[in-house]
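In what follows, a structure is listed as structure tokens, so that the remarks can point back to it.
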Amino acid sequence: MEKESLITSLKRIVKPYIQDEVAFVNLTKETDFINDLKINSANLVDIVLDLEDEFDIEIDNDAMEKMLSVKDAIKIIESKLAEK
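Heads up: the sequence shown runs through residues 73 to 156, numbered per the working numbering.
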């Protein structure tokens, strides 16, 4: 899957949970979910569940704890898709 396509899907999934619209508009691979988008940890779990449904993957707790930025999320999604 193309990185741009992944980022587009990721943006669509995280949009309902963001608290900082400006950071979302300027989202890059370096954007941090908690510090930049102001997404709380409970909503991060919801995002992980949404990602699992979207990409038909399973994200374990270790991977979830490492998913702090857009770049981290892309790396984990790509890794899980490669395992299929």
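We treat Cβ as the ideally placed atom computed from N, Cα and C, and that holds for glycine.
Check, Outcome
"Classify alanine 145 as buried or exposed, calling it buried when 16 or more other Cβ atoms lie within 10 Å of its own Cβ.", "buried"
"Once you ignore the five residues that flank glutamate 150 on each side, which residues in its own chain have a CB closer than 7 Å to its CB?", "none"
"By Cβ distance, which residues of its chain are closer than 8 Å to glutamate 126, with the 5 residues on each side in sequence left out?", "Ser81 and Ile85"
"When DSSP labels each residue in this structure, what does aspartate 118 get in the three-state scheme?", "helix"
"Looking at the structure shown, is aspartate 132 part of a helix, part of a strand, or coil, going by DSSP?", "coil"
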